[in-house]
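Participant:
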Amino acid sequence: MPRHRLGLPPAQWPQGLQLRFETLIADKGKAHQQRLRSGLGRWLKRARDEGVAPDGIDIAIWSRRIDGLGVDDRNAMRQAIGLIWPATLDVTQTQSAPDREVLDSRAERARQVAWLVQRLPEPWRSAAAPLVAVGPSSLEDGPLHEFWQCETIVRRMEALARHLDFCAAAGLPLDVTPQTVRAALTDASAETRLERPLIERPPELPARKQKRIVTPRKLKPMRPGGVAAEMASLLGAVRAIMPARDWNWFIIAERAISKRAKAFGSRNAARIVDVTDLRRAGLMLMEAARIAHADARGVRERSRAHDRAREGLMMILLSESPLRIGSIASVDLQASFVADLTLLVVAARDTKEKRQDVRVLSAVLITALGQYIALHRPVLARPDETALIVDKWGKRADEDDLSTAFTASTKRIFGRPVNAHAVRTSVATWIVATAPQEAALASLILHHRDARTTEAYHSTADQLSASQALSRAADATARQLTPSPPGKRKAPASSRPRRSLRLELAARRGR
1 MPRHRLGLPP
11 AQWPQGLQLR
21 FETLIADKGK
31 AHQQRLRSGL
41 GRWLKRARDE
51 GVAPDGIDIA
61 IWSRRIDGLG
71 VDDRNAMRQA
81 IGLIWPATLD
91 VTQTQSAPDR
101 EVLDSRAERA
111 RQVAWLVQRL
121 PEPWRSAAAP
131 LVAVGPSSLE
141 DGPLHEFWQC
151 ETIVRRMEAL
161 ARHLDFCAAA
171 GLPLDVTPQT
181 VRAALTDASA
191 ETRLERPLIE
201 RPPELPARKQ
211 KRIVTPRKLK
221 PMRPGGVAAE
231 MASLLGAVRA
241 IMPARDWNWF
251 IIAERAISKR
261 AKAFGSRNAA
271 RIVDVTDLRR
281 AGLMLMEAAR
291 IAHADARGVR
301 ERSRAHDRAR
311 EGLMMILLSE
321 SPLRIGSIAS
331 VDLQASFVAD
341 LTLLVVAARD
351 TKEKRQDVRV
361 LSAVLITALG
371 QYIALHRPVL
381 ARPDETALIV
391 DKWGKRADED
401 DLSTAFTAST
411 KRIFGRPVNA
421 HAVRTSVATW
431 IVATAPQEAA
441 LASLILHHRD
451 ARTTEAYHST
461 ADQLSASQAL
471 SRAADATARQ
481 LTPSPPGKRK
491 APASSRPRRS
501 LRLELAARRG
511 R
């Protein structure tokens, strides 16, 4: 029985095409050569079956011929025909990206909150549902949306769901009591933590939200700061959902846990990097990306150069304008830049404090932006995408992915992971340390939303000012003191009246 072939063997290829292809893949490994031959053979066979020329490639033909192929076979076919007909790379790269479901913020928020409520057992579910419900308009939202941001609601509902999941795994009552909280605290600090049951992921949620919501906590000891944050979120949830119950015992316990956590150092304290070093590293990455793009021979290599340039651009941007990572992800080419890239305007809806953020860009940053926009961004960006930073699919990059990529790049360069928030912290600390009297600049530059954050920096500035004043006073007092001349030290004066040795001896003989 003749063997069924998925592609044309090289012996049946057009003579000129075979010679040209073998020349192009001569410098590649044997396994890679065979992979590319298989990809081109598939393409030529499908073109012959359709009765059309193999170099006739458009979006419809490409979509039809990759139908039913796996990712590896599709990539091999794309790379093979890209070597022979480089002009087809734009078509094959654009159509290879899967269309992800794009939800508006309200619809995504409604699905997210509904899934969290569904995870809660009774009576928590029935008590929480009307409080956190997301309606068609903001006027129909639950009462808690008036006091909390959506992120706060999600974080506290997640903490409650995790605690009740732990109670189910440990065989405890599905409730928040001193017994269950004590058991959860013991488990959080244990070396071998209790296994959580697997939770089915909701298929209707976007993929980037599934892992964040339903994945159980890591099965390793939690840091004191993480335990304090978890207990604070849990306390906020239970007090809002069941306000009639007495939670004084939990309030006292949470304060004690928070006080204990403050005695331990933060992980970010050891991850602060000098802003000058960060800017220099960003410039080095941009130059390396430019060279890699010039030497690239295919889309994959140009995509790697794009990722390197994106990380370098973020380093330069954070060193000069320490924005939040969400604000960086929301920068739009059409709406965020003014006057030839000299001004960056972040809309109020894209900031945490809901106030417009305007930044003046330096010449170095403008040059880096121009290189990324003109050279690297077109490699992946889709024609209808207006976001400044794009992902591997050519769409607007997700802030979680940007944060992960930035942290990984700093770990490779500096030997320790530095996230974007640590950069903001280092900038504020530098301002307070160098000019304590200008501590208010830290809040203006970083756009702090909470007044308590501003008060913390002012408190640090006051302590530094008092310490510097005390040091100056001590130095001035030391300069005013006249040092004693060198010589033998005099014996301290005695309180007894001094008598000569001769009189002392005479008095003893007389006795």
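Taking full-length UniProt numbering, the leading residue of the sequence shown gets 1, the next gets one more, and so forth. For every residue, glycine included, the Cβ atom is placed at its ideal position computed from N, Cα and C.
1) Going by other Cβ atoms of all chains shown within 10 Å of its Cβ, with 16 needed for buried, is A207 buried or exposed?
2) Suppose you measure from the CA of G282 to the CA of S467; what does that come to, to the nearest Å?
3) Sort V238, L285, T88, R223 by Cα distance to R260 and report the nearest one.
4) Would you kindly report the start and end of the unbroken alpha helix (DSSP H) that includes L285?
5) Would you mind sorting P54 into buried or exposed? The rule is 16 or more other CB atoms within 10 Å of its CB.
6) May I ask you to report which of helix, strand or coil DSSP gives V154?
7) Who are the near neighbours of V346 in its chain, counting only those whose CB is closer than 6 angstroms to its CB and skipping five residues on each side?
8) Between the C-alpha atoms of V227 and W115, what's the straight-line distance to the nearest angstrom?
9) How is the beta strand (DSSP E) around D357 delimited, first residue to last?
10) Verify whether the separation of the beta carbon atoms of P9 and Q18 is less than 8 angstroms.
11) Please name the residue, chosen from R324, I84, R509, that lies closest to R359 on a Cα-to-Cα basis.
12) Are the CB atoms of L369 and L402 within a distance shorter than 8 angstroms?
13) Select from T88, M314, A335, L234 the residue whose C-alpha is nearest the C-alpha of D350.
14) Check whether the Cβ atoms of V117 and R109 lie closer than 8 angstroms to each other.
15) For the alpha helix (DSSP H) containing L313, list its first residue and its last residue.
16) Please name the residue, chosen from Q149, R162, L83, that lies closest to P121 on a Cα-to-Cα basis.
17) Measure the alpha-carbon distance for A232 versus K352 and round it to whole angstroms.
18) Out of curiosity, what's the CA-to-CA distance linking L198 and A168?
19) Could you spell out the range, first to last residue, of the beta strand (DSSP E) harbouring V346?
20) Would the stretch 300-313 count as touching the stretch 389-405 if we require 3 or more Cβ pairs under 8 angstroms?
21) With respect to the alpha helix (DSSP H) encompassing R349, which residues constitute its N-terminal and C-terminal limits?
22) Please state whether DSSP places V418 in a helix, a strand or coil.
23) Pick from A288, S137, E146: whose alpha carbon is nearest that of L131?
24) What is the C-beta distance between H293 and R302, in whole angstroms, given that I count them as a contact (C-beta under 8 angstroms)?
25) If you compare alpha carbons, which of V71, D187, D72, R78 is closest to I61?
26) Taking the C-alpha atoms as reference points, what is the distance between T429 and L318?
27) If the criterion is Cβ atoms closer than 8 angstroms, does the pair R416 and P322 meet it?
28) Which whole-angstrom value describes the C-beta separation of G7 and R48, a residue pair presumed to lie in contact below a C-beta threshold of 8 angstroms?
29) In the DSSP assignment, find the alpha helix (DSSP H) that holds G236 and state where it starts and stops.
30) Between which two residues does the alpha helix (DSSP H) harbouring F21 extend?
31) Alpha carbon to alpha carbon, how far is I431 from I445?
32) Just the Cα atoms here: how many angstroms apart are V299 and S258?
33) Within a Cβ cutoff of 6 angstroms, which residues of the same chain sit near L24, ignoring the five residues on either side of it in sequence?
34) Quick check: the Cα distance between D246 and H421, rounded to an integer number of angstroms?
35) Beta-carbon within less than 6 angstroms of T276's beta-carbon, same chain only, minus the 5 sequence neighbours each way: which residues are those?
36) If we count the other Cβ atoms within 10 Å of its Cβ and call it buried at 16 or more, is L361 buried or exposed?
Facilitator: In terms of the structure at hand:
1) Its pLDDT being 45, under 50, A207 is placed unreliably by the model, and the measurement read from it follows with that caveat. With fewer than 16 Cβ atoms within 10 Å of its Cβ, A207 is classed as exposed.
2) Taking C-alpha positions only, G282 is separated from S467 by approximately 36 angstroms.
3) R223
4) That run of the alpha helix (DSSP H) goes 275-295.
5) Classification for P54: buried.
6) helix
7) S327, D357
8) 24 angstroms
9) 357-360
10) no
11) R324
12) no
13) The shortest C-alpha separation from D350 is found at A335.
14) no
15) 299-320
16) R162
17) 21 angstroms
18) With a pLDDT of only 45 at L198, under 50, the local geometry of the prediction cannot be trusted, and no value is derived from it.
19) 343-346
20) Result yes; three or more Cβ-Cβ pairs closer than 8 angstroms.
21) That residue, R349, is in no alpha helix (DSSP H); it is neither H nor E in DSSP.
22) coil
23) Answer by Cα proximity: E146.
24) 6 angstroms
25) R78
26) 15 angstroms
27) no
28) Contact doesn't hold; Cβ gap of about 10 angstroms is too wide.
29) 224-241
30) 15-24
31) 10 angstroms
32) 50 angstroms
33) L83
34) In this structure, the alpha-carbon of D246 lies about 37 angstroms from that of H421.
35) Within the same chain, and ignoring the five residues on either side of T276 in sequence, no residue has its Cβ closer than 6 angstroms to its Cβ.
36) buried
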